[in-house]
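Here the structure is laid out as structure tokens; the discussion comes afterwards.
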Amino acid sequence: MARITSSTHWNILPQVPKLEQEFSQKLSVNPLVARVLVARGCRTVAEAQKFLNPSLERDWFDPRIIPGLNEAADRVQKAIETHQCIAVFGDFDVDGMSSTCLLTLALRDFGADVRPYIPHRFGEGYGLSVKALERVLADGAPNLIITVDNGIASAKEVQELVARGIDVVVTDHHEPAELVPQGVPVADPKLTSECPSRELAGAGVALKLVCELGRRLGKPEVWRSYLDIATLGTLSDMMLLNSENRALVSAGIRQIHAGKRPGLVALAAAANQDISEVRADELPFSIIPRLNAAGRMGSTELALDLLLSDDIQEATVLAGKLEEINANRRTIESQLTNEALLQAQETYDGARAIVLAGEGWHEGVKGIVASRVVNRYHVPCILFTVEEGIARGSGRSVGSVDLFHAVEECSDLLIRFGGHQGAVGVTLKAEKIDEFRHRLSEVLSQLPAKDFESTGEVSALVTLSEINAASLDALEVLQPFGQGNKKPLFAVQGVTMKNRNRAGAGGIHLCFMASDGVSSVASIMFRAPHIDVAANYDGAVDIVFEAVNETWQGRTKPKLMVKDILYRDTPENEEDLFEDLSQVLVAQGAPKETVSEVPKTPLQPLVCKNTAIRAELASLENAALTERLRNMLIGNRQLLPAQKTALSLLEQGNSCLCVMATGRGKSLIFHVHALREALLAKRASVFIYPLRALVHDQAHHLEEEFSACGASAVVLTGETPQERRGEIFSALTDGSIDVVLTTPEFFTIHTQAFAASGRIGFVVIDEAHHAGQAVAEGRHAYADMPKSINQLGNPQVLAVTATASTATAQEICRLFNISEQDVIKDVTVRNNLRLKDMREAPDREAALTCLVASGEKCIAYVNSREQAQSVCRMLRHTVSEMGHKIVFYHAGLAHETRKRIERAFRNNEVTCVVATSAFGEGINIHDIRHVVLYHLPFGRVAYNQMSGRAGRDGARAYVHLLFDAHDMRINERILSSAAPKRAVLVPIYRALMTLFARAQKEGRLLCATNEEIAALALAIDPKNRSDERAVACALDIFAELGLLSLQGFDEKRNILMNIQASSMDLASSARYAEGLKTRSAFTSFAQWALSASADELLSAINKPIVPEFGIVVDGEEGVLYG
């Protein structure tokens, strides 16, 4: 099934955020109210104020604009003044009852001699039938009969009455056809298409007549006494609540609250409804059905007596009788529904209409049952009761089909008919039912299929957090609700149905908690279709609902009354571009790190240069080369002012500090200049990143990027094997390598080796604020850098950061001999970024599911390769509709697989990537709308860089924080394995010495797996747990310190312990020093990330912290690179 945004069954009303904000502020209304006002068509504050403040004084039109009403009032006024006998003749529905009641009581107020009549549904039928008129005349012929809510199609009956000397005044609100009475006053607002009062119910038209009579007879306010009764007719007939009806019902509800009508008070009590608090939208489910039951079951006089009663005791007795009648009605309705559906199942042939008929079918519930058939088959249905050769039917329409006009096309077959677009009454000879069925189907077959589609309106797409007790209470200002202003329906996308269970007899209702991971709201769907599927569905769904407040034991909470559940089913015939990844996710028990992974060879060969392109680029002048490199790296996008300024200073030979917000393109500056150095000056560059993990994250794309430009770049850190280190330093010396990516610790410990190459001309200090805060952070490697830079011959230095206060910038300038005049600061703020603080969300799986289900481009960062695959697997299950567009990404994947994912994500073939930090530098995808930090990043730099990937096109984008305190402990364990502490290294070393002694005793070489070493280390010191990763790291550290050497690889390697080695300072190992810094940096970051305010967290990514000095460069919108 399609999602809510593409469903043909639901129309999401337009939203105008700026206007909504204006309404909320100027009208002092809840934002949800403002959204509904805009959705309902209000476009100015004045319009909204008018809607929120219905007024009879302003909105009640002059009764005389209704065609024929002036003439009708003339005749009724004469009858009152001459004391003529008046009969008020109504209808057996609630509109007819209320019309009869209010006109009868009002005429008595005017001193008239009046008798009310309502035809018996059984035996007399609708309108001025012969039998009904016989009963009227039996009480003595009246001088005047006034019809209310009927008469517009009674030309013949009226003519006969006039012939008998009885005057007739017709008041009605139904559509006129060919049977409009002639020669008598006929008041019906639908006689002309221009009448502003066309939407009045029969009771509304009767009230207009009372209003005009009161004006003439000196009682201009009498009509207001009957607003409560007119309200019942207006709501029961589902009349459009335009300005006039809205004002009428609003005032009528206030009058009902006053409790001055004994009949209504008694009915409310029978329905367990507090009359003083009843709302317009509750009346059709409490008082109105009980009155309707009387009409349906042939006891209309009982209901009329109740409405006319001014005695509470009498009214209470009558209300009790009505309650019994209503219970009987429910039973009969259920039985007829079953019979009608069975007949439809047996006879329906797929035509555009269903016509059902049966003898003995109850007249009173035909309309309700017809509606149930329509709901099942989605075509109009007319249901006939046959008696003595005459079929009397009630019909209901569907979608936008005008059933009244369709029936009118068959009028030559009918005895009589009436109604409106959505509902009709039809009488014909039983022998003509088949012909009528055929003709009606032919007429309807000419209509387009879309006319038969029932489309509901959704006022707004919301989040569950917006649905709370306060916002739902606030919606009450939109009352009265009814036709044209229904209680708003809302929709949420991508929620999960938690705690599903079936309820009710036969388990036909579905109860659940709708959850988006952050908020959960109790929900119920009555008579849920496909209940078995719904009860077992654990994926993401879109839900359409009406929200209500429920109070239990003094606590009020929102509840969703669900109208539709749209399932995110897996689409058919959708190609999965990453079938290889999919196979991994579905494989049960398969190793998680073996899919298309980079082969673990002992030494990767150095990157080969593209000699042809190198020669071509090297032949260009500096300016031409810079322009060519810009085009190769960022295409047709232009450099930002800060980038141009920095490159200009570097071209002049100056060292400089550049301060720019995350995502503004700092890395492009040093990538371009390093290439200029390599191609034009044959000099090498060193890029120094604060953490080892960041080095590896940059390496994948930087190596590829530089190779395309004919240059080479390699990683050199404490993790680099000893053999590889020597190979790299030799290549650096002979010019085979142009750029080395490393850490401060490795750089300062091995400065002499770097200096020996004699080629270092450019040094980059990325995230340079770490250097500026070296003393505070205890980062001694940065403090030693001036000495190292000097040993290199004082090469040019570029320091870049997004965070440099005046004091920090001054320290950076001191360390790297940068003039304050060469400090560049881009003060541009990334105002397009928004931060969604969902730290400690109750259910982050559901939260991520809800977000991904939106279909907007999203990247979710996790803390390990295993989690990338696990979370991706979860999303492919919960958002199965989009499963082929959700992939995982980490450094273990083969190079080509990673490139395919990047291309697909860029081209919108993939909408969600679940990734480790490997998805980072060099992947310049500008239209990422959502970045989700699903787990806690491993440091401030990672936090900034991951977050900065959102919205680089300048459009609105969001950073969602889903991490929690539990992640801190998990990350610490991961870091402890990759960078073990001294307390962990000691038992590992002792285990190695123990195994080495055993091997020597047995006359063999030490050959042990990491698993075996870890097990022995754990036995030696159970308090400091070791694992295979910790052992691998420990072996590298010990080898770097000269405590051992390794021969061979993997399971066949031999470990040679150097028993002659003297004790060494662990800090002498770059691998150990890097790990030490990684752990301390993470601890500091984690404490900040878990405690900082949302504003602090946003400021860290959307704007730079700049010093008081330096060159201020005007920024430009748009984020281009890096």
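So for the sequence shown, this note's numbering puts the first residue at 9; every next one is plus one. Every residue, glycine too, gets a C-beta built ideally from N, C-alpha and C.
Quiz prompt | Within 8 Å, strictly: CB atoms of Ile283 and Leu243 | solution = In this structure, Ile283 keeps its C-beta atom at 8 Å or more from the C-beta atom of Leu243.
Quiz item: According to DSSP, is Asn1062 helix, strand or coil?
Solution: Correct three-state label for Asn1062: strand.
Quiz item: Can you tell me whether DSSP reads Glu45 as helix, strand or coil?
Solution: For the sequence presented, residue 45 should be read as Leu rather than Glu. For Leu45, the secondary structure class from DSSP, reduced to helix, strand or coil, is helix.
Quiz item: If you check the beta carbons only, do Leu330 and Arg380 fall under 8 Å apart?
Solution: Not in contact: Leu330 and Arg380 (Cβ atoms no closer than 8 Å).
Exercise. Compare the beta carbon distance of Arg223 and Pro488 with 8 Å and say whether it is the shorter of the two.
Key: In this structure, Arg223 lies away from Pro488, with their beta-carbon atoms at least 8 Å apart.
Self-check item: Cβ-based neighbour list, Thr435, same chain, cut-off 6 Å, excluding 5 preceding and 5 following
Solution: Excluding five sequence positions before and after Thr435, the CB atoms of its chain that fall closer than 6 Å to its own CB belong to Arg400, Ile423, Arg424, given in chain order.
Quiz item: Nearest CA to the CA of Tyr951: which residue from Pro189, Gln85, Phe1093?
Solution: Shortest Cα-Cα distance from Tyr951 to any of Pro189, Gln85, Phe1093 involves Phe1093.
Quiz item: What is the C-beta distance between Gly547 and Thr886, in whole angstroms, given that I count them as a contact (C-beta under 8 Å)?
Solution: Indeed, because the Cβ distance is near 5 Å, the residues count as touching under 8 Å.
Quiz item: What does Gly433 pair with, by DSSP beta-bridge criteria?
Solution: BP columns for Gly433 point to Ser402, Gly426.
Quiz item: Exposed or buried, which one is Trp68 when buried takes at least 16 other CB atoms within 10 Å?
Solution: Only buried fits Trp68, as 16 or more other CB atoms lie within 10 angstroms of its CB.
Quiz item: When you compare only the Cα positions, how much space is there between Ser1088 and Leu633?
Solution: Those two C-alpha atoms are separated by around 42 Å.
Quiz item: Alpha carbon to alpha carbon, how far is Gly900 from Thr741?
Solution: Cα to Cα, Gly900 sits roughly 31 Å from Thr741.
Self-check item: Sequence-distant residues of the same chain with beta carbon closer than 6 Å to Asp830, five excluded per side
Solution: For Asp830, where only same-chain residues beyond five positions count, the Cβ hits under 6 Å are Leu657, Asn662, Cys664.
Quiz item: For Lys565, which of helix, strand or coil comes out of DSSP?
Solution: In the three-state DSSP reduction, Lys565 falls in the strand class (E or B).
Quiz item: In this structure, what does DSSP give as the bridge partners for Pro124?
Solution: Answer by DSSP bridge pairing, in chain order: Val96.
Quiz item: In whole angstroms, what separates the C-alpha of Ser1099 from that of Pro945?
Solution: So the alpha carbons of these two residues sit roughly 14 Å apart.
Self-check item: Straight-line gap, Gly1050 to Gly1011 (C-alpha atoms, nearest Å)
Solution: Their backbone Cα atoms lie some 23 Å apart in a straight line.
Practice problem: Identify which residue in Asn840, Tyr966, Lys907, Leu215 has its Cα closest to the Cα of Glu4. | Solution: This structure cannot settle anything about residue 4, because the visible part of the chain is limited to 9 through 1130.
Quiz item: Alpha carbon to alpha carbon, how far is Thr108 from Leu859?
Solution: One C-alpha to the other measures close to 56 Å.
Self-check item: DSSP beta-bridge partners of Thr741
Solution: DSSP links Thr741 through a beta bridge to no other residue.
Quiz item: Considering only the beta carbon of each residue, do Gly210 and Gly104 sit closer than 8 Å?
Solution: Cβ distance < 8 Å, so Gly210 and Gly104 count as in contact.
Quiz item: Which ranges would you report for the beta strand (DSSP E) in the segment 656 to 681 if only whole runs of at least 3 residues count?
Solution: Assignment of beta strand (DSSP E) within the segment 656 to 681, counting only whole runs of 3 or more residues, yields 664 to 667 in chain order.
Exercise. Give a yes or no on contact between the segment 117 to 129 and the segment 174 to 184, applying the rule of three or more CB pairs nearer than 8 Å.
Key: Flag = no, the segment 117 to 129 and the segment 174 to 184 do not touch.
Quiz item: What do you get for Arg977, buried or exposed, if any count of 16 or more other CB atoms within 10 angstroms of its CB means buried?
Solution: By the neighbour-count rule (16 or more Cβ atoms within 10 Å), Arg977 is not buried but exposed.
Exercise. Let me know the secondary structure DSSP gives Cys858 once reduced to three states.
Key: Helix.
Self-check item: Cβ-Cβ distance between Val177 and Ala80 below 8 Å
Solution: Between Val177 and Ala80, the C-beta spacing is below 8 Å.
Quiz item: Out of curiosity, what's the CA-to-CA distance linking Leu843 and Ala1102?
Solution: Cα to Cα, the separation comes out at about 7 Å.
Practice problem: In the DSSP assignment, find the beta strand (DSSP E) that holds His968 and state where it starts and stops. | Solution: That run of the beta strand (DSSP E) goes 965 to 969.
Practice problem: Report the rounded CA-to-CA distance for Phe1117 versus His974, giving the unit in angstroms. | Solution: Rounded to whole angstroms, Phe1117 and His974 show a C-alpha spacing of 42 Å.
Practice problem: Name the two residues that bound the continuous beta strand (DSSP E) containing Arg510. | Solution: Counting along the chain, the unbroken beta strand (DSSP E) around Arg510 starts and ends at 498 to 511.
Quiz prompt | Which of helix, strand or coil DSSP assigns to Gln1095 | solution = In the structure shown, Gln1095 adopts helical secondary structure according to DSSP, grouped into three states.
Self-check item: Paired residues, beta bridge with Asn557 - DSSP
Solution: Answer is Pro566.
Quiz item: Which same chain residues, not among the five before or five after Val606, have their C-beta less than 8 Å away from its C-beta?
Solution: Confidence at Val606 is low in this model, with a pLDDT of 39, below 50, so its placement is unreliable and no value can be given for it.
Quiz prompt | Continuous alpha helix (DSSP H) stretch holding Val415: start and end | solution = That run of the alpha helix (DSSP H) goes 411 to 416.
Quiz item: Which residue's Cα is closest to the Cα of Phe100: Gln33, Pro193, Gly514, Gly306?
Solution: Of Gln33, Pro193, Gly514, Gly306, the residue nearest in Cα terms is Gly306.
Quiz item: What's the gap between the Cα of Gln23 and the Cα of Ser419?
Solution: Ser419 has its alpha-carbon roughly 44 Å from the corresponding atom of Gln23.
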